[in-house]
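Take the sequence shown: its position 28, counting from 1, is numbered 188 in our numbering, and each next residue is one higher.
Before any comments, here is the structure.
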Amino acid sequence: MAGFRVGDLDALRMVPHPAVTLLLEFGTGSPVLDYAAGRQQRGSVVAGPGIGSGGAVWARGENVECVQVRLSPVIARAVLGASPADLDGAVVALDDLWGREASRIRERLGDVSSWQDRFALTDALLARRHEAGPPVDPEVAWAWHRIVGGRGLVRVDRLAAELGWSRKRLWSRFRSQLGLPPKRAVKLVRFDHAVHRLVTGEGAARVAADAGYADQSHLHRDVMAFTGVTPATVAAEPFLAVDDIAWPSHETPAHRR
């Protein structure tokens, strides 16, 4: 999780990520998500894996204060109390999922004065909901962890064979419990790994070869499909540039002003 306080958030492109995103706002302002199709979403939201594909979602707002959590799809169903399959690439208002509890959380986050207290409050909330919610099938969790651990360099038919499942059964269970089909999960995890290497300044040709793309053109097409911009442009995206600070590799909560 990470904490954000932004006085003027102006047209921040949402770059897809292989997680369910939970945004808990509590400040005087309110974040706004704008869609290319003209729809808007305000306030605390839950976004499915891959939100922002095609560069179709932008964030903005004034005096925005929020705690943002990236939930592994493996635990998202238990925490949210709803199937992530309903969130595939979509955004849902937290009020629609949690009712009055969403308002109580907002008030409690606003009542505490430090980021560490907000992180502790959020962590306790997620732990309580996770403990009470239904787990995913262990086979599905295993398949997800194999995809993430392999940075997307795995074959879906190989996963099914190792589980002793048919491809159809793996697709059905994976999609219904994690919110996206296994093949798209593979592509999204591979993209996420590749695009963060581009942000560090590595060349596209080297990234394409190491990340399992057929060639640099294949990487270019994938980046365009997920973000709507070229690899050269996406490497400078503010949404990605903040990751080293907001989401440190040692997994200690951080805050970003």
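From the three backbone atoms N, C-alpha and C, an ideal C-beta is built for every residue, glycine too.
{"Asked": "Does any CB atom of chain D fall closer than 7 Å to the CB of Arg165?", "Found": "The chain labelled as chain D is not found in the depicted structure, where only one protein chain is given."}
{"Asked": "My understanding is that Pro398 touches Leu172, with C-beta atoms under 8 Å, so please give their C-beta distance in whole angstroms.", "Found": "6 Å"}
{"Asked": "For Arg333, tell me which candidate among Ala371, Val359, Ala303, Glu222 has the shortest Cα-Cα distance.", "Found": "Ala303"}
{"Asked": "What are the boundary residues of the alpha helix (DSSP H) that includes Arg329?", "Found": "327 to 338"}
{"Asked": "Assuming contact is defined by CB atoms lying nearer than 7 Å, are Gln337 and Val296 in contact in what I supplied?", "Found": "yes"}
{"Asked": "Quick one: is the Cβ of Phe351 within less than 6 Å of any heavy atom of the ligand GTP?", "Found": "Absence of the ligand GTP is noted for the structure shown, with no ligands found whatsoever."}
{"Asked": "Within the same chain, show all residues whose beta-carbon is closer than 7 Å to that of Asn129, passing over the 5 residues directly before and after it, in chain order.", "Found": "Residue coverage of the chain in this structure runs from 161 to 417, which leaves residue 129 outside it and unanswerable."}
{"Asked": "Can you grab the Cα-Cα spacing for the pair Glu411 / Ala262, in whole Å?", "Found": "Residue placement at Glu411 cannot be trusted, given a pLDDT of 42 that sits under 50; the coordinates are not used to answer."}
{"Asked": "Taking 7 Å as the limit between beta carbons, can you name the residues of its chain near Ile211, skipping five residues before and five after?", "Found": "Met174, Pro176, Thr181, Val217, Gly249, Val251"}
{"Asked": "Look at Leu240 and Gly208 and say whether their C-beta atoms are less than 7 Å apart.", "Found": "no"}
{"Asked": "So who's on the other strand from Thr188, going by DSSP bridges?", "Found": "DSSP, once it has assigned bridges, lists no residue as partnering Thr188."}
{"Asked": "Which residues share a DSSP beta bridge with Thr393?", "Found": "In DSSP, Thr393 forms no bridge with anything."}
{"Asked": "Under the rule that 16 or more other beta-carbon atoms within 10 Å means buried, what is Met161, buried or exposed?", "Found": "buried"}
{"Asked": "Return the chain-ordered ranges of every alpha helix (DSSP H) run that is complete within the region 253 to 337 and spans a minimum of 4 residues.", "Found": "254 to 258, 260 to 271, 275 to 292, 298 to 309, 316 to 323"}
{"Asked": "May I have the straight-line CA-CA distance separating Leu193 from Asp256, to the nearest angstrom?", "Found": "16 Å"}
{"Asked": "How far does the alpha helix (DSSP H) with Leu467 in it reach, from first residue to last?", "Found": "With the chain covering 161 to 417 only, the question about residue 467 has no answer from this structure."}
{"Asked": "Have a look at Thr390 and Leu340 and give me their C-alpha separation to the nearest angstrom.", "Found": "24 Å"}
{"Asked": "For the alpha helix (DSSP H) containing Asp246, list its first residue and its last residue.", "Found": "Run containing Asp246: none; DSSP gives neither H nor E here."}
{"Asked": "Tell me the rounded alpha-carbon separation between Trp325 and Asp317.", "Found": "9 Å"}
{"Asked": "Could you give the residue range of the alpha helix (DSSP H) that holds Ala238?", "Found": "233 to 240"}
{"Asked": "Could you give the residue range of the alpha helix (DSSP H) that holds Thr199?", "Found": "According to the sequence displayed, residue 199 carries Arg and not Thr. Element bounds for Arg199: n/a, residue is neither H nor E."}
{"Asked": "How many Å lie between Arg417 and Gln228 at the Cα?", "Found": "Annotation note: pLDDT 39 at Arg417 (below 50); position unreliable, no value reported."}
{"Asked": "What is the DSSP secondary structure of Val383, counted as helix, strand or coil?", "Found": "helix"}
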